[in-house]
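Okay, so here's the structure we're looking at.
Chains as they are written, first to last, in our numbering: chain S, 1 to 66; chain W, 1001 to 1992.
Laid out in structure tokens, this is it:
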């Protein structure tokens, strides 16, 4: 029975990551990282962080499915 | 620096030639197969998303809209983050139902050819500007490098080359089920080229133009407005709108759909792509700001769209501009090839074929060939149309604008996709109304202004001005209004019109909720009839090929005979045809030619198997109560599976539904050769045994013997009806029978050995009497022989010899009785037959007399010679020898033992009465227990009466012991008489 909950948990984490990405990209938080004095590479760093988290989740998702 | 046109033309042709070689090598298997199937190749092939808009246009877009250019890739990242809940279900759907394009998917979900037609037309309208954009990018890049206008002939040559490539490597197979490995590898190669080229240009911008990262930072500090211009539009511009558009474009653009789903070689690759593809896009875009700033620093005389090329001209190298140009060609060509392939498939399935259905074919027509060449012709027409669009458009629009018009167009499919995946109530009416509404708004707000600016039409009304949204950013209002109108019409239309049954069925398949097995049975009763019916539409050759393919896909080796199997073949044919001619036509073909008997029930075994497979496939997606129920189901199934009894359950139509591990071990018939078959189609002797038992009145049969090859095996059989109320939600309704098979062969063998031991013990006990009985005639023979020595009279001699012979016959009879009694026999020897009771009792009495001759007991036997019972002679002798021996042991010398037999209904009753010492009433209940004896130690084993009890039970009889009033014991043995009913039972037991 743990199998189902683990897989379900992975999907929940995917949704949470998506919502976090939306929060980061679309909410007023955007004004903080998109300030004029932010380093030019900051958007890429945030983007890279999202990709890193997605890769971690994908690995966990595959492990749950095996 | 300036290049000659012919030089660049040759470079482009050489690159495209290399692309041909790569694709050809992959198709021919010269490259390792695992290369094409590697997730990295898949990720790179998705890089077809990055067209010349990305390659050239991103810099211009960044100059105009700052970091808003990143939204085009961040939206893709968001879509790929949702791979498990958004992309995987679509991939599963396209694979399961052989859906080759977005038009196929919508036509399948909404069960409407019109939906497919509209999607195709709208997609054509939306994507043609995008194709034109690619051609323009290539020609303008030539112009940048040569400083002269590229003749239209160059653009045409480029289009022809692309057409050839698409035909050779993208339309090799007719069906979507065959993947084009060469194409996938070639597109991945193109992505690698453009990625490498852009990274090199980016490095040149940083190190060649600014002298390193430090130099670039210094430049940025001197020009703070450069960074502000990047960040300001993020806070003020259409950031969210562009995110939404690219989110939709990530999987709805024809080329993305084609590479993500249609050409997906390994399902698992999509999981890797969930982060791999965004990573590819990140690396690709990392170079854009430095290139933009290098362009601003160097100020080449050109639009920012072509800074990528422009700054390389300042490098002094001839190689770098050519490499950059090649990167642009790769970006444009990959997009055009894949988009054209996707659109050609849509046009064929949703425009050309429906217009010519039903096809008027001659018998010799090869429909496959016709379809293939049709697609190839469509590829050429679409690229030509893109070229025409390129000629029509003025060159005053940025590359990004043309691309975004396409993005808004494909975003109109978002409501349909939501309905497809999550809203079962969505109907084709709602979808069509929504799409028409959204397309209308898109045309008015984006397409007509484009035509007006290009001079194709005049005085078009700008509705955005009318709505007061003319803020200079057309994307947000155009997206908002088109999607709002689309979604409102979609919801309203879906709520006002009820979905048809076929729509509900398709909706269940798309939402993967409670899809039952295919219902009904096929009218056609054989594969031959299926072939004949299909041939009426598809032609003989294709019909045969499709049937063979369906059988191969189903893993059916032999020709299926049951209606259930044929129903599955029909289902498979429909899916395969869907990959060939689209889902709507495929359904029309099978509905028309392979009709279903309405009202016929699907075999329970097929339903169970189908549902089990569905649950297995969906296991990882079950949550909450559904997951718990699934675990419970698995637990119960495992219990049934591991039960040490053979379990065979049958549906109402007597098809085998379950066949557990023990049943496989007992029968030697594997699961796959039993489940789904009618019971009578099982291998012999199981078919006969189980069919016979199913028809028998008794629910329990004990110690049934069955000859299995050389071995005789013994079973207990039990059956029960499966009853209970159905839920009504599922195809799986209770009904049928469950049969339990208990293998007693080993136990029975042990019992036989025990009985043999007991017989040998009896022989031992009889030995003294035997010696005495044999001794008497031997003494007689000795005396007679002595007399004969002195006897001279021939007559007396002859008489003496006859007496000797008589005595030897007596000895032989005694020895024969002993040998017969003590013989162990085999399982097969214990076959029930009609046994004469008089003979059996006489033989038993004779044996018992041997050991108790000293007591001078009297045996009164009253048994009619006509009486007979069903049983095994030797074992019945064992019963009576045991009972009579006990009677003799209990009797005093000279007493009488009465043996009587009489008929009683279907049974024969044998009574053995002695007048001996009797048994204590308290001990009467224990006499049939093993090792219980009332005799002195060493005189009895305590196994005699238990053995009697077992043997009589095996003969479907009964044995009782009670005391009689004047002392003594009465034993009553009841055995089935030889009659019709008994004979039937005997036949059941004698299953061969």
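Every residue gets a Cβ at the ideal spot worked out from N, C-alpha and C, and that includes glycine.
Since we're looking at a predicted model, the values are computed, not measured.
Exercise. So what does DSSP say about residue 1982 of chain W, is it helix, strand or coil?
Worked result: Residue confidence is low: residue 1982 of chain W scores 46 on pLDDT, short of 50, so the model does not pin down where it sits. No coordinate-derived value is stated.
For this session: Answer yes or no: the CB of residue 1050 of chain W versus the heavy atoms of the ligand HEM, is any distance below 7 Å?
Result: Of the ligands one can find in the structure shown there are none, so the ligand HEM has no counterpart to examine.
For this session: Report the neighbours of residue 16 of chain S on chain W: residues whose CB is nearer than 7 Å to its CB, in chain order.
Result: Result: empty, since nearest Cβ-Cβ is about 10 Å, beyond 7 Å.
For this session: Using a Cβ cut-off of 8 Å (strictly closer), state whether residue 1610 of chain W contacts chain B.
Result: Protein chains S and W are contained in the structure displayed, whereas chain B is not.
Exercise. Is residue 1191 of chain W near residue 1432 of chain W, with beta carbons less than 8 Å apart?
Worked result: no
Exercise. Which residues in chain W sit within 7 Å of residue 32 of chain S, going by Cβ to Cβ distance?
Worked result: Correct list: empty, because the minimum Cβ distance to chain W is about 10 Å.
Exercise. How big is the Cα-Cα spacing for residue 1408 of chain W and residue 1321 of chain W?
Worked result: 33 Å
Problem set entry | Backbone CA spacing between residue 1994 of chain W and residue 1806 of chain W [nearest angstrom] | Nothing can be reported for residue 1994 of chain W: it is not among the residues displayed for chain W, which extend from 1001 to 1992.
Exercise. Rounded to a whole number of angstroms, what is the C-alpha to C-alpha distance between residue 1880 of chain W and residue 1844 of chain W?
Worked result: 6 Å
Exercise. Are three or more beta carbon pairs between the region 1090-1110 of chain W and the region 1412-1421 of chain W nearer than 8 Å?
Worked result: yes
Exercise. Are residue 1659 of chain W and residue 1675 of chain W close, meaning C-beta to C-beta below 8 Å?
Worked result: yes
For this session: Taking C-beta pairs closer than 9 Å, name the residues in chain W that residue 29 of chain S reaches, listed in chain order.
Result: Simply none; closest approach about 12 Å.
Exercise. If you measure from the beta carbon of residue 45 of chain S to each beta carbon in chain W, is any gap under 8 Å?
Worked result: no
For this session: Anything in chain S within Cβ reach of residue 1752 of chain W, meaning under 9 Å, just list it in chain order.
Result: Within chain S, no residue comes near residue 1752 of chain W; the closest Cβ sits about 48 Å away, beyond 9 Å.
For this session: Please list the partners that residue 1275 of chain W has in chain S, where partner means a Cβ-to-Cβ separation under 7 Å.
Result: 51, 54, 55 and 58
Exercise. What is the DSSP secondary structure of residue 1827 of chain W, reduced to helix, strand or coil?
Worked result: Note that residue 1827 of chain W scores a pLDDT of 48, beneath 50, so its modelled location is shaky; the value from the coordinates is reported in the next line. Coil at residue 1827 of chain W, not helix or strand.
For this session: Please check if any C-beta of chain S sits within less than 8 Å of the C-beta of residue 1568 of chain W.
Result: no
Exercise. Hey, would you say residue 1133 of chain W sits closer than 8 Å to residue 1245 of chain W, going by beta carbons?
Worked result: no
Problem set entry | residue 1862 of chain W - DSSP class collapsed to helix/strand/coil | strand
For this session: Kindly give me the distance between the Cβ atoms of residue 1615 of chain W and residue 1631 of chain W, rounded to whole angstroms, as I take these residues to be in contact under 8 Å.
Result: About 11 Å; that fails the 8 Å criterion.
For this session: Could you tell me whether the Cβ atoms of residue 1934 of chain W and residue 1876 of chain W are closer together than 8 Å?
Result: no
For this session: Establish whether the CB of residue 1934 of chain W and some CB of chain S are separated by less than 8 Å.
Result: no
Exercise. Which two residues bound the contiguous beta strand (DSSP E) that contains residue 1898 of chain W?
Worked result: 1896-1904
For this session: Report buried or exposed for residue 1012 of chain W, applying the criterion of at least 16 other Cβ atoms within 10 angstroms of its Cβ.
Result: buried
Exercise. Does the beta carbon of residue 1278 of chain W sit closer than 8 Å to a beta carbon anywhere in chain S?
Worked result: yes
Exercise. In this structure, does DSSP put residue 1879 of chain W in helix, strand or coil?
Worked result: helix
Problem set entry | Close Cβ partners of residue 1677 of chain W (< 7 Å) along its chain, the five nearest in sequence each way excluded | 1655 and 1656
Exercise. Nearest chain S C-beta to residue 1042 of chain W closer than 8 Å, yes or no?
Worked result: no
Problem set entry | residue 1974 of chain W, enclosing beta strand (DSSP E) - first and last residue | 1969-1976
Exercise. For residue 49 of chain S, is the classification buried or exposed, using 16 other Cβ atoms within 10 angstroms of its Cβ as the cut-off for buried?
Worked result: exposed
Problem set entry | Any chain W beta carbon closer than 8 Å to residue 25 of chain S | yes
Exercise. Distance, Cα to Cα, residue 1251 of chain W vs residue 1257 of chain W?
Worked result: 5 Å
Exercise. For chain S, is any of its Cβ atoms less than 8 Å away from the one on residue 1234 of chain W?
Worked result: yes
Exercise. Skipping 5 residues on each side, what residues in its chain have a beta carbon closer than 6 Å to that of residue 1326 of chain W?
Worked result: 1015
For this session: Kindly say whether residue 1271 of chain W, judged by its beta-carbon, lies nearer than 8 Å to any beta-carbon of chain S.
Result: yes
Exercise. Which class does residue 1988 of chain W belong to by DSSP, given the choice of helix, strand or coil?
Worked result: For residue 1988 of chain W, the predicted structure reports a pLDDT of 46, less than 50, and the residue's modelled location is therefore unreliable. The matter cannot be settled from this model.
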